[in-house]
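For reference, the structure is listed below as structure tokens.
Number of protein chains: 2
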Amino acid sequence: MSAARRPPRKDLAAMIVPLGRALTAAELPLLREHGLTMWAYSVLLGLDPEPLRSQAALAEAIGADKTRIIGVLADLEARGLITRTPDPADRRVRLLALTPEGIRLRDAAQNAIQSREDALLARHLTPEQSAALLAALATLSALPAEVLAAR
Amino acid sequence: MSAARRPPRKDLAAMIVPLGRALTAAELPLLREHGLTMWAYSVLLGLDPEPLRSQAALAEAIGADKTRIIGVLADLEARGLITRTPDPADRRVRLLALTPEGIRLRDAAQNAIQSREDALLARHLTPEQSAALLAALATLSALPAEVLAAR
DNA sequence: TATTGTTATACTCTATAACTATA
DNA sequence: TATAGTTATAGAGTATAACAATA
Chain A
-3 MSAARRPPRK
7 DLAAMIVPLG
17 RALTAAELPL
27 LREHGLTMWA
37 YSVLLGLDPE
47 PLRSQAALAE
57 AIGADKTRII
67 GVLADLEARG
77 LITRTPDPAD
87 RRVRLLALTP
97 EGIRLRDAAQ
107 NAIQSREDAL
117 LARHLTPEQS
127 AALLAALATL
137 SALPAEVLAA
147 R
Chain B
-3 MSAARRPPRK
7 DLAAMIVPLG
17 RALTAAELPL
27 LREHGLTMWA
37 YSVLLGLDPE
47 PLRSQAALAE
57 AIGADKTRII
67 GVLADLEARG
77 LITRTPDPAD
87 RRVRLLALTP
97 EGIRLRDAAQ
107 NAIQSREDAL
117 LARHLTPEQS
127 AALLAALATL
137 SALPAEVLAA
147 R
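Line by line, the protein sequences give chains A and B. For the first sequence, position 58 (counting from the first letter as 1) is numbered 54 according to this note's numbering, and the numbering increases by one without interruption. For the second sequence, position 64 (counting from the first letter as 1) is numbered 60 according to this note's numbering, and the numbering increases by one without interruption.
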């Protein structure tokens, strides 16, 4: 049994977290140009696959507290980007959906962001490396939180 | 010029940030077992390549405010994990260095963390995919913040 | 009684400003 | 006067607790 030695690489988390912070910071101006905060953008993305949900479910899906997104939802609704209608079957629940304008804005913002990301990747990685990175990240980010937390 | 269409992938940032959060959360218990907070661990890692620096330089290197790490440094010093000695050439500056015990603790914590990360990667990716992911992340995370922010 | 959405409150984390000591 | 480190204060962001409406 030899003594513990210095691992030859940086921690995965120590690479990913600062990278995420830098990417976020770099993309904030793009979002601002579209009149969106990070949470508002996150809400628009969260409403993507299924157009209707409850606010609590949405909050959980995007990793936010349910009280955090209330103001965001109110603002998006006032701007005509989402609709928030009481569920006739259970009038406690609010049905959430993107309006056509909301879809347009979300797509425009996402195109701007991904264009920037693609340019960054193209500048520093080969196409093969970029594809491998995105594929591996897609695999890992699709895992449920419990799996990532599993020891 | 066709209308903007929905990109077929998730945003890079939208994959990386939650992944970083999950990895961080999963590794906090490991750090706690070694008696370290995330910032304390970050300090030990930041003192790695060059054993001596100023507190302000260290703070910048690890992405912290200089006022944030003061308590962390005081605690690590009291526990004999780092030394903090005034620079004879400029007595305003504190020279920072890991003690042998600090090095041991850092290595032990890092081995625990990377073992967990390796196990996670091995469970969900092929060795080739893992290697490609780590290589691409190493490339990107080595870029200066200005480059990542460049438009 | 339990749950959705909401509001009000408290708490944590972080940055800003003001101070000491060196230069 | 300028800078390293420190302390005290204020601010942003977040979660917790309490409330009203509905089931």
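Yeah, the Cβ is synthetic: ideal placement off N, Cα and C, and Gly gets one too.
**Item:** Bounding residues of the alpha helix (DSSP H) (the contiguous stretch that carries T20/B)
**Value:** Taking the first residue of the second sequence as position 1, residue 20/B is located at position 24. Segment L8 to E29, the alpha helix (DSSP H) holding T20/B.
**Contact list for H30/A against chain B, beta-carbon separation under 9 angstroms** = In the first sequence, residue 30/A corresponds to position 34, counting from 1. In chain order: nothing, as chain B lies at least about 12 angstroms away.
**Asked** Can you tell which of L139/A, L77/A, S111/A and I58/A has its C-alpha closest to the C-alpha of L117/B?
**Response** The residue labelled residue 117/B in the question sits at position 121 within the second sequence. Of L139/A, L77/A, S111/A and I58/A, the residue nearest in Cα terms is L139/A.
**Asked** Beta-carbon separation of D7/B and Q106/A under 8 angstroms?
**Response** Walking along the second sequence from the start, residue 7/B turns up at place 11. Walking along the first sequence from the start, residue 106/A turns up at place 110. A contact, by the Cβ cut-off of 8 angstroms.
**Asked** Which one of G42/A, R112/A, G76/A and D61/A has the shortest CA to CA distance from A146/B?
**Response** Taking the second sequence and counting its residues from 1, one reaches residue 146/B at position 150. For the residues G42/A, R112/A, G76/A and D61/A, the minimum Cα distance to A146/B belongs to R112/A.
**Asked** Which residues of chain A have a Cβ atom closer than 8 angstroms to the Cβ of E56/B, listed in chain order?
**Response** Numbered from 1 along the second sequence, position 60 holds the residue referred to as residue 56/B. Neighbourhood of E56/B in chain A, by CB distance below 8 angstroms: empty, with the nearest CB roughly 12 angstroms away.
**Message:** Could you compute how far the alpha carbon of L43/B sits from the alpha carbon of T95/B?
**Reply:** Walking along the second sequence from the start, residue 43/B turns up at place 47. Walking along the second sequence from the start, residue 95/B turns up at place 99. For L43/B and T95/B, the distance between alpha carbons rounds to 10 angstroms.
**Item:** Which of helix, strand or coil DSSP assigns to A93/B
**Value:** The residue labelled residue 93/B in the question sits at position 97 within the second sequence. Correct three-state label for A93/B: strand.
**Message:** Check this for me: beta carbons of L194/A and L144/B, under 8 angstroms apart or not?
**Reply:** For residue 194/A there is no data in the structure shown, the boundaries of chain A being -3 and 147.
**Request:** Alpha carbon to alpha carbon, how far is A9/A from R68/A? Give it in angstroms, no decimals.
**Result:** Along the first sequence, read from residue 1 onward, the residue named residue 68/A stands at position 72. Along the first sequence, read from residue 1 onward, the residue named residue 9/A stands at position 13. The sequence given here has Val at residue 68/A, not Arg. Approximately 30 angstroms, taken between the alpha carbons.
**Prompt:** Do you know how far the Cα of A21/B is from the Cα of P14/B?
**Reply:** What you label residue 14/B is simply residue 18 of the second sequence in a count that begins at 1. What you label residue 21/B is simply residue 25 of the second sequence in a count that begins at 1. Going by C-alpha positions, P14/B is about 10 angstroms away from A21/B.
**Prompt:** Out of curiosity, what's the CA-to-CA distance linking A179/A and K62/A?
**Reply:** Nothing in the structure corresponds to residue 179/A, since chain A is present only between -3 and 147.
**Request:** Check the Cβ of V13/A against every Cβ in chain B and list those closer than 7 angstroms, keeping chain order.
**Result:** Against the first sequence, residue 13/A aligns to sequence position 17. Contact annotation for V13/A against chain B: G16 and T20 [CB-CB distance below 7 angstroms, chain order].
**Request:** At 8 angstroms on the CB atoms, spell out the chain A contacts of I109/B, in chain order.
**Result:** If you number the second sequence from 1, residue 109/B lands on position 113. From the beta-carbon of I109/B, the residues of chain A found nearer than 8 angstroms are D7 and A9.
**Request:** Taking C-beta pairs closer than 7 angstroms, name the residues in chain A that S50/B reaches, listed in chain order.
**Result:** Position 54 of the second sequence, counting from 1, holds the residue named residue 50/B. Correct list: empty, because the minimum Cβ distance to chain A is about 21 angstroms.
**Request:** For G98/A, count neighbouring Cβ atoms within 10 angstroms of its own Cβ and tell me buried if that reaches 16, exposed if not.
**Result:** On the first sequence, residue 98/A is found 102 positions in, with the first residue counted as 1. Within 10 angstroms of the beta-carbon of G98/A lie 16 or more other beta-carbons, which makes it buried.
**Message:** Between G59/B and chain A, is any beta-carbon pair separated by less than 8 angstroms?
**Reply:** Position 63 of the second sequence holds residue 59/B. For G59/B, the answer is yes, since a Cβ of chain A falls inside 8 angstroms of its Cβ.
**Prompt:** T95/A touches chain B at which residues, Cβ-Cβ below 9 angstroms?
**Reply:** Mapped onto the first sequence, residue 95/A falls at position 99. The contacting residues do not exist; T95/A stays about 16 angstroms from chain B at best.
**Request:** Could you please tell me which residues of the stretch 110 to 141 of chain A, in chain order, have their CB closer than 8 angstroms to any CB of chain B?
**Result:** Cβ proximity to chain B below 8 angstroms picks out Q110, R112, E113, L116, L117, H120, L121, Q125, S126, A128, L129, L130, A131, A132, L133, A134, T135, L136, S137, L139 and A141 from the stretch 110 to 141 of chain A.
**Request:** For E23/A, return the contacting residues in chain B, with the cut-off set at a CB-CB distance below 9 angstroms.
**Result:** Start at 1 with the first residue of the first sequence, and residue 23/A comes out as number 27. Within chain B, the residues near E23/A are D7 and A9.
**Coarse secondary structure for P84/B, derived from DSSP in three states** = If you number the second sequence from 1, residue 84/B lands on position 88. Here P84/B carries a coil assignment [DSSP, helix/strand/coil].
**Message:** What would DSSP say about L139/A, mapped onto helix, strand or coil?
**Reply:** Stepping through the first sequence from its first residue, residue 139/A is reached at position 143. Three-state DSSP puts L139/A in coil, outside helix and strand.
**Inter-residue Cα distance where the pair is L92/A and A74/B** = Your numbering for residue 92/A matches position 96 in the first sequence. Your numbering for residue 74/B matches position 78 in the second sequence. Those two C-alpha atoms are separated by around 54 angstroms.
**Rounded C-alpha distance that separates S(-2)/B from R80/A** = Taking the second sequence and counting its residues from 1, one reaches residue -2/B at position 2. Taking the first sequence and counting its residues from 1, one reaches residue 80/A at position 84. Any reading at S(-2)/B must be qualified, since the residue scores a pLDDT of 47, below 50, and its modelled position is unreliable; the value itself is stated next. Looking at the two C-alpha atoms, the distance is approximately 31 angstroms.
**Prompt:** Whose C-beta lies closer than 8 angstroms to the C-beta of I66/B among residues of the same chain, with five residues either side of it excluded?
**Reply:** Start at 1 with the first residue of the second sequence, and residue 66/B comes out as number 70. The beta carbon of I66/B sits closer than 8 angstroms to the beta carbons of Q51 from its chain, once the five residues preceding and following it are set aside; these are given in chain order.
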